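These protein sequence lines map, in sequence, to chains A and B. Just so we're aligned: the first sequence equals residues 1 to 278 in our numbering. Just so we're aligned: the second sequence equals residues 1001 to 1263 in our numbering. Every residue, glycine too, gets a C-beta built ideally from N, C-alpha and C. Predicted model, so just to flag it, every value in this text is computed and none were measured. Working notes, beginning with the structure itself.
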Amino acid sequence: MKPVSFLISFLKYSLSFIIVLALWEAYARYGGLNELFLPRPSKIGAKLYSLFVKVEVIEQGTIYWHFYATLAQMSIGFAYGITIGTTLAVLAAFNETFRRYVAPYAVVFNVTPGIAVLPLIIAWFGFGWESKIALATLVCFFPPFINTLTGLLKKNDEAIELFQTIGATQSQYFWKQQLPNALPEVFAGLKLAITTALLGTIVAQFGSATEGVGILMQRFAFRLDMAGSFASLVTMAIMGLLVFTIAEVMDRRIVFWRDAKGLERVSKKKQRKLMVNG
Amino acid sequence: MAATAKKTEDLSQFGQTVIEGKNVTKVFGETVTALEGANFDIRAGEFISLVGPSGCGKSTLLRLVAGLIEKTSGDVKVNDDLVTKPRTDIGMMFQKAVLLDWRTAIENVLLPSEMKHRITQEDKDKAMASLELVGLKGFEFHFPKQLSGGMQQRVALARLIQTGADIMLMDEPFGALDEFTRERLNVELMRIVGELKATTLFVTHNIQEAIYLADRVMVMTPRPGKIAEIIEVKFERPRDISIQTSREFNIIIEQVRDTLGSH
């Protein structure tokens, strides 16, 4: 995109956002909006300012500490979740017995609302970080599992024949064809998992916690501090956007062959590299 | 059987037997006879077209030679060696190009070499040469999705050349391309096999293409799949595309049609 057209579209988006906020603000001030339901944007803004800029201490920590705690719990849970999910998927892809007898349990796990298991999780793992990590793991392992499995089992008879005629071993076929061929599905699974991991972490914080954005939200809401609750919500949205963007960027970097732009970028890079080497 | 009855063929101009089939039969499941009692004797440097409608067993025959499927009865020999498992001394091309989307043209061409050893500069030079031979100089670093269907098949051909195999098996490689692209690739293939002097088995359902390229055309008929007739094509090589309008060429077309029609 050209810088000028980017600037114009940025201005258009900002303008529409400002109009919505202005209408909301006006309604809250002059239209009699009950601020116990919906606080006016300026108050949410002021709260965010006090949290992020003036670094107000709430629940024995700054917003940055709560942000960090949530992000860390989520990341660890996510790491466990994708490790378990993809490992099970690889085992299921290569072993039909395993696929037949173990995969159904994964499906049952998935259709059981993972969040409902929270009381059990707390009973097992206590009130510390472990229970947050455990719930995040539990709710996010399924998308990487099912997507990786689907990707690895994609039917590709001609590729198999090709690899046979060039004398490929099983492992060469896996690394050079089957795995890269599955990557688009794998990453689609990871993108789903990263947002559900965040959900699991925050819900676990509702159960019991001493730090985290979830606990902030809960305390503010219990005190009917609506500006605070909404500021927490905005913080969660920022976190969600942040992790999703990271996943998205990684997806575009690694699975570059999905769109024309990615292909062009890598193609040019490889050409340049050859020019230098050659 | 027509194939065995016609023993007047002159194979002396070619080398020794490279691919041999004796009474080869393939039954899928219990009842589907894909190929029945096929006899063939293919000489070094020959270009053989297998032509016939869907279900006549031409792809089955090709896969039996490649060792990708097992025969039900009879013998298939390549270089005097019974075919029992996938062979790596043959190169294969499919209807789809079967390129790896995440690899550039040259990286796709290098794939067969990677199976044997670490890539050397020599492999790279050879790959560049293969791509040049198929007319893709300047496209070495394009990805398959950046290339047209015809160009993708050229990459597949370059990959086949890279294997160094002197037996090339092609399963309707131009079947999914438009008529103009197909014709152009036919001319190029004619030039390339001339340079490589490889033995080629070429499956197609296009009669013109079959005759234009081949030294001998094996006409196959379905249900059950059989070699109905083997017709020699005696035009001198390299052949110009214009021979397709000549009288002799059209006589052969008629001959193939008659065989296909009488079954």
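_Where R1118(B) falls: helix, strand or coil (DSSP)_ = Working through the second sequence from its first residue, we reach residue 1118(B) at position 118. Note: R1118(B) maps to coil in three-state DSSP.
*Quick one: list the residues of chain B neighbouring I166(A), beta-carbon separation under 7 Å, in chain order.*
As a working note, residue 166(A) is residue 166 in the first sequence. Ordered by position in chain B, the residues that pass the 7 Å Cβ test against I166(A) are T1088, L1111, P1112, M1115 and T1163.
*What does A1066(B) touch in chain A if you count any residue whose Cβ is under 7 Å from its own?*
Within the second sequence, the letter at position 66 stands for residue 1066(B). Going along chain A in sequence order, the residues near A1066(B) (Cβ under 7 Å) are T165.
_C-alpha gap between G1029(B) and I1243(B), whole angstroms_ = Mapped onto the second sequence, residue 1029(B) falls at position 29. Mapped onto the second sequence, residue 1243(B) falls at position 243. C-alpha separation (whole angstroms): 43 Å.
*Jot down the residue ranges of each uninterrupted alpha helix (DSSP H) in the segment 89–177 of chain A, minimum 4 residues, whole runs only, in chain order.*
96–111, 118–125, 129–140, 142–152, 157–165 and 170–173
*How about the segment 1164–1171 of chain B and the segment 1129–1145 of chain B: do they share at least three Cβ pairs that are nearer than 8 Å?*
no
_On a Cα-Cα basis, can you pick out the residue from L1201(B), T1181(B) and N1079(B) that is closest to M1093(B)?_
Against the second sequence, residue 1093(B) aligns to sequence position 93. The shortest Cα separation from M1093(B) among L1201(B), T1181(B) and N1079(B) belongs to L1201(B).
_Please list, in chain order, the chain B residues whose beta carbon lies closer than 8 Å to that of K177(A)._
Mapped onto the first sequence, residue 177(A) falls at position 177. The question names Lys, yet the displayed sequence has Gln at residue 177(A). Correct list: L1100.
*Indicate the three-state DSSP secondary structure (helix, strand or coil) for N277(A) in the structure shown.*
Counted from its first residue, the first sequence places residue 277(A) at position 277. Confidence in N277(A) is poor, its pLDDT being 48 and thus under 50, which makes the residue's placement unreliable; the coordinate value appears in the next sentence. Of the three classes helix, strand and coil, the one that applies to N277(A) here is helix, per DSSP.
*Cβ atoms of I1106(B) and F1143(B): under 8 Å apart, would you say?*
Residue numbering aside, residue 1143(B) sits at position 143 when the second sequence is read from its first letter. Residue numbering aside, residue 1106(B) sits at position 106 when the second sequence is read from its first letter. Not a contact, by the Cβ cut-off of 8 Å.
*Just tell me which of G1074(B), V1109(B), V1187(B) and R1223(B) has its CA closest to the CA of K1124(B).*
For the purposes of this step, residue 1124(B) is taken as residue 124 along the second sequence, with counting starting at 1. Of the candidates G1074(B), V1109(B), V1187(B) and R1223(B), the one whose C-alpha sits nearest the C-alpha of K1124(B) is V1109(B).
*Starting from the Cα of N1206(B), find the closest Cα among M1220(B), K1197(B) and T1199(B) and give me that residue.*
Walking along the second sequence from the start, residue 1206(B) turns up at place 206. Answer by Cα proximity: M1220(B).
*Segment limits, alpha helix (DSSP H) that includes G1164(B)*: Within the second sequence, the letter at position 164 stands for residue 1164(B). Run containing G1164(B): none; DSSP gives neither H nor E here.
*Tell me, which residues are paired with F1019(B) by DSSP?*
One-based indexing of the second sequence puts residue 1019(B) at position 19. A small correction: the amino acid at residue 1019(B) is Ile; Phe does not occupy that position in the sequence shown. Answer by DSSP bridge pairing, in chain order: I1042(B) and V1078(B).
*When we look at the beta-carbon of M250(A) and count the other beta-carbons within 10 Å, is it buried (16 or more) or exposed?*
Residue mapping note: residue 250(A) aligns to position 250 of the first sequence, counting from 1. M250(A) comes out exposed.
*For A1034(B), which three-state DSSP category applies?*
The residue given as residue 1034(B) occupies position 34 in the second sequence. Correct three-state label for A1034(B): strand.
*Taking only beta-carbon atoms, is Q1152(B) less than 8 Å away from chain A?*
Here residue 1152(B) is taken as the residue at index 152 of the second sequence, counted from 1. Answer no: the Cβ-Cβ gap between Q1152(B) and chain A never drops below 8 Å.
*asked:* Determine whether the beta carbon atoms of I122(A) and S208(A) lie at a separation below 8 Å.
replied: The residue you call residue 122(A) lines up with position 122 of the first sequence. The residue you call residue 208(A) lines up with position 208 of the first sequence. Cβ distance < 8 Å, so I122(A) and S208(A) count as in contact.
*Inter-residue spacing [alpha-carbon to alpha-carbon] between T1004(B) and D1101(B)*: Within the second sequence, numbered from 1, the residue matching residue 1004(B) stands at position 4. Within the second sequence, numbered from 1, the residue matching residue 1101(B) stands at position 101. Reliability fails at T1004(B), whose pLDDT of 40 lies under 50, so the model's placement of it is uncertain and the value that follows must be treated cautiously. Distance between the alpha carbons of T1004(B) and D1101(B): 45 Å.
*Could you tell me which of L216(A), F163(A) and K270(A) sits nearest to V203(A), measuring between CA atoms?*
By 1-based counting over the first sequence, the position of residue 203(A) is 203. Nearest C-alpha to V203(A): L216(A).
*Do you know offhand how far E1114(B)'s Cα is from L1068(B)'s?*
Within the second sequence, numbered from 1, the residue matching residue 1114(B) stands at position 114. Within the second sequence, numbered from 1, the residue matching residue 1068(B) stands at position 68. Between E1114(B) and L1068(B), the C-alpha separation is close to 21 Å.
*chain B contact residues for E158(A), given Cβ-Cβ distances below 7 Å*: Here residue 158(A) corresponds to residue number 158 of the first sequence, with the count starting at 1. Neighbours of E158(A) on chain B, chain order: F1094, K1096 and V1098.
*Comparing the C-beta of Q172(A) with each C-beta of chain B, is any distance below 8 Å?*
As a working note, residue 172(A) is residue 172 in the first sequence. Yes, Q172(A) lies at the interface with chain B (some Cβ there is under 8 Å from its Cβ).
*Which term fits S9(A), buried or exposed, when burial requires 16 or more other beta carbons within 10 angstroms of its beta carbon?*
Mapped onto the first sequence, residue 9(A) falls at position 9. Burial call: exposed.
*Answer yes if the segment 237–247 of chain A comes into contact with the segment 154–170 of chain A, meaning at least three C-beta pairs across the two stretches below 8 Å, and no otherwise.*
no
*Based on the DSSP output, what are the partners of L1201(B) in its beta bridges?*
As a position in the second sequence, residue 1201(B) is number 201, starting the count at 1. For L1201(B), which the question treats as bridged, DSSP gives the partners I1048(B) and L1169(B).
*State buried or exposed for E1248(B), treating a residue as buried only when at least 16 other CB atoms are found within 10 Å of its CB.*
The residue labelled residue 1248(B) in the question sits at position 248 within the second sequence. Counting Cβ neighbours within 10 Å, E1248(B) comes out exposed, since fewer than 16 surround it.
*asked:* Taking a contact to mean a Cβ-Cβ separation below 8 Å, would you say T148(A) touches E185(A) in this structure?
replied: Locating residue 148(A) in the first sequence gives position 148, counting from the first residue. Locating residue 185(A) in the first sequence gives position 185, counting from the first residue. In contact: T148(A) and E185(A) (Cβ atoms closer than 8 Å).
*Residues that W257(A) contacts on chain B, provided the C-beta gap is smaller than 7 Å*: Position 257 of the first sequence holds residue 257(A). Residues of chain B passing the Cβ test: D1101, W1102, F1143 and K1145.
*Measuring only between beta-carbons, confirm whether G1052(B) sits less than 8 Å from chain A.*
Counting from 1 along the second sequence, the entry for residue 1052(B) is found at position 52. Chain A contact via Cβ: absent.
*Helix or strand or just coil, what does DSSP make of R1223(B)?*
Start at 1 with the first residue of the second sequence, and residue 1223(B) comes out as number 223. Note: R1223(B) maps to coil in three-state DSSP.
*To the nearest angstrom, how far is it from the Cα of S232(A) to the Cα of T62(A)?*
By one-based count along the first sequence, residue 232(A) stands at place 232. By one-based count along the first sequence, residue 62(A) stands at place 62. The straight-line gap from Cα to Cα measures roughly 12 Å.
_By the DSSP assignment, the alpha helix (DSSP H) with I1252(B) in it spans what residues?_
Here the question's residue 1252(B) lines up with position 252 in the second sequence. Note, I1252(B): alpha helix (DSSP H), R1247 to G1261.
_Strictly under 8 Å for the Cβ-Cβ distance: is L91(A) near chain B by that measure?_
Working through the first sequence from its first residue, we reach residue 91(A) at position 91. With 8 Å as the cut-off, L91(A) does not count as an interface residue toward chain B.
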